[in-house]
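Peer 1:
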Amino acid sequence: MSGQILFYVVFLSQVLLISFFLPRQVLERVRYVVSTYPPSSYPRLYPVSLERVERAQRNYRNMNLFMLVLGLALVARGFYAPSEEMLNWDTTSVVFFYYLLQWSPLLIALTAGFTYFNLKRKPDARTKRRAELRPRRLFDYVSPALVGVAAIVYVAFIVFIAYVRTFEFPWFGGYLNVLGITVLNLVFAGTIAYYMYGKRKDPYKSYEDRAREIELNAKLLIFISIAATVYVALSICLSAFDMRHLGPIAQSLYFQVISVAAFRGFRIDKVNFEVYREELAAT
Amino acid sequence: MEIVIDIDGPVPLFAQLIGQIKEAVLGERLRPGDALPSIRQLANDLNVNNKTVAKAYRLLERDSVIEAKGYRGTFVHPDAKANSTIDLNELVMTQLTKTVDALRQSGATDSEIRIAFSDVMNRRGN
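Going down the list, the protein sequences come from chains A and B. Take 2 as the starting number for the first sequence in the numbering used here and just add one per residue. Take 2 as the starting number for the second sequence in the numbering used here and just add one per residue.
#1: Measuring alpha carbon to alpha carbon, tell me which of A:Ser42, A:Arg32, A:Gln15 ends up nearest Val95 of chain A.
#2: Going by the DSSP bridge assignment, what does Ile4 of chain B pair with across the sheet?
#3: Please classify Leu185 of chain A: does DSSP put it in a helix, a strand, or coil?
#4: Please confirm whether Leu221 of chain A and Ala194 of chain A have their CB atoms less than 8 Å apart.
#5: Check this for me: beta carbons of Leu23 of chain A and Phe189 of chain A, under 8 Å apart or not?
#6: Label Pro11 of chain B either buried or exposed according to how many other C-beta atoms from any shown protein chain fall within 10 Å of its C-beta, with 16 as the threshold for buried.
#7: Buried or exposed for Thr230 of chain A, please, with buried defined as at least 16 other CB atoms from any protein chain shown within 10 angstroms of its CB.
#8: Using the Cβ count rule (16 or more neighbours within 10 Å means buried), how would you classify Tyr33 of chain A?
#9: Assign Gly79 of chain A to one of two classes, buried (16 or more other C-beta atoms within 10 Å of its C-beta) or exposed (fewer than that).
#10: Can you give me the C-alpha to C-alpha distance between Leu14 of chain B and Tyr61 of chain A, rounded to a whole angstrom?
#11: I'd like to know whether the C-beta of Leu139 of chain A is nearer than 8 Å to at least one C-beta of chain B.
#12: Am I right that Arg278 of chain A and Tyr43 of chain A are in contact with their C-beta atoms under 8 Å? What's the rounded C-beta distance?
#13: Is there a C-beta anywhere in chain A that falls below 8 Å from the one on Pro36 of chain B?
#14: Alpha carbon to alpha carbon, what distance is there between Leu69 of chain A and Ser20 of chain A?
#15: Could you tell me whether any Cβ in chain A is nearer than 8 Å to the Cβ of Gln17 of chain B?
#16: Verify whether the separation of the beta carbon atoms of Ala25 of chain B and Ile40 of chain B is less than 8 Å.
#17: Over what stretch of residues does the beta strand (DSSP E) that includes Ala82 of chain A continue unbroken?
#18: In angstroms, rounded to a whole number, what distance separates the CA positions of Met122 of chain B and Gln96 of chain B?
#19: Should Arg59 of chain A be labelled buried (16 or more other beta-carbon atoms within 10 Å of its own) or exposed?
#20: Closest Cβ-Cβ distance between Tyr205 of chain A and chain E: below 8 Å?
#21: Taking only beta carbons into account, state which residues of the region 45–77 of chain B come closer than 9 Å to chain A, listed in chain order.
#22: Name the residue from A:Leu46, A:Thr183, A:Ile259 whose alpha carbon lies nearest to the alpha carbon of Lys206 of chain A.
Here's what the structure looks like:
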């Protein structure tokens, strides 16, 4: 019973962190940008009308409110009508799918962001194009030590799986775990390469802001790779020692850690918004 | 160091890239051994076709202003500064002008010169 209470406390923390606290931070940042860098002085920052921006904010806030209420309802059900597995299904699956739902408002906003960037590119009538004549290398943005740690964790994970395979216990996917982590790492590597060498989403962004964006995303993805590998290894250990009931707690904590990491790195005060002023149109 | 191209200018984009890189070498803003961005990176940053940057890099490599070292990347050639002063296009114009003048003096008509030039170029291509 105490295990269930612990789980619901941790899950409540996930609900409040990802569907209340972090979205509030996002909305505060948007309000700060709109009030400090208004359309009248920074027209290039607003390829869509301010009303559309405000409507998007309202939709984002309402979606997160819905996820918050849903999460609180799950917690309330757990306390007042407890069952062995959440919703009489599988707690791990419920936590996972709820986490995906929690991120859906931000993913929808990010998808709208791609349209926003395309709209930003269209009115760019400047005939002069600039680029730095300097190659971008991974270690310009991420320390070799961090990449080294990620590599060591990955290799150690493969060795760990090879060792664990010598024992028999249920719920163990064997080398499928290695395949999953490898695919994840390849996707992350491709994403980092896209940030470094892909087309510029925002034609007005300064070199420094782009470098900061690459650094932030590269570090975040490497951190998530390490965290995911450690989490999968931990899950396997919990299964091996017949402590699967702690799995959902570890899972919820893992989701909270990577969510905080994703939000923490972005500093709005360091962005150069002067590139979005109208008078730069002459260049 | 920044490179700036004018997409509406009269000079072809690849020629602008070549000119600016040579100027940078002559002005010592680029030194022997300095690394250059990959074709893909530069093309995406300037929002131009990969082939434009590839052509510029090919011609710079032909003139020994840069050297490609496979997966390690592209670097400024050790003798780039000396090689940047050679303008191959100007050399071609000078030699052709001398040759055409000599042929005219020998009595060949412009039409005969054009046909012969075309034959020679086609033969070299085969």
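Just so you know, even glycine gets a beta-carbon here, dropped at the ideal spot from N, CA and C. All figures in this text were calculated on a predicted structure; none of them were measured in a lab.
Peer 2: According to the structure data:
#1: Nearest of A:Ser42, A:Arg32, A:Gln15 to Val95 of chain A, Cα basis: A:Gln15.
#2: Per DSSP, A:Ala132.
#3: Taken through DSSP and simplified to helix, strand or coil, Leu185 of chain A comes out as helix.
#4: Not closer than 8 Å, so no.
#5: At the C-beta level, Leu23 of chain A and Phe189 of chain A stay beyond 8 Å of one another.
#6: In the assembly as shown, Pro11 of chain B is an exposed residue. Its beta-carbon has fewer than 16 other beta-carbons within 10 Å.
#7: Looking at its Cβ environment, which holds 16 or more other Cβ atoms inside 10 Å, Thr230 of chain A is buried.
#8: Using a 10 angstroms sphere on the CB of Tyr33 of chain A, the tally of other CB atoms stays under 16, which defines it as exposed.
#9: By the neighbour-count rule (16 or more Cβ atoms within 10 Å), Gly79 of chain A is buried.
#10: C-alpha separation (whole angstroms): 44 Å.
#11: With a threshold of 8 Å between beta carbons, Leu139 of chain A makes no contact with chain B.
#12: Contact between Arg278 of chain A and Tyr43 of chain A holds, since their C-beta atoms are separated by about 6 Å, short of 8 Å.
#13: First, the amino acid is wrong: residue 36 of chain B is Ala here, not Pro. Ala36 of chain B counts as touching chain A.
#14: Roughly 5 Å separates the two Cα atoms.
#15: Answer no: the Cβ-Cβ gap between Gln17 of chain B and chain A never drops below 8 Å.
#16: Contact flag unset, no.
#17: Per DSSP, Ala82 of chain A belongs to no beta strand (DSSP E) and is neither H nor E.
#18: Linking Met122 of chain B to Gln96 of chain B through their CA atoms gives a straight-line distance of about 15 Å.
#19: Exposed: under 16 other Cβ atoms inside 10 Å.
#20: Of the protein chains in the structure, A and B, none is chain E.
#21: Interface annotation for the region 45–77 of chain B against chain A: Asn45, Asp46, Leu47, Asn48, Val49, Gly74, Thr75, criterion Cβ-Cβ distance under 9 Å.
#22: Restricting attention to A:Leu46, A:Thr183, A:Ile259, the CA atom closest to the CA of Lys206 of chain A is found in A:Leu46.
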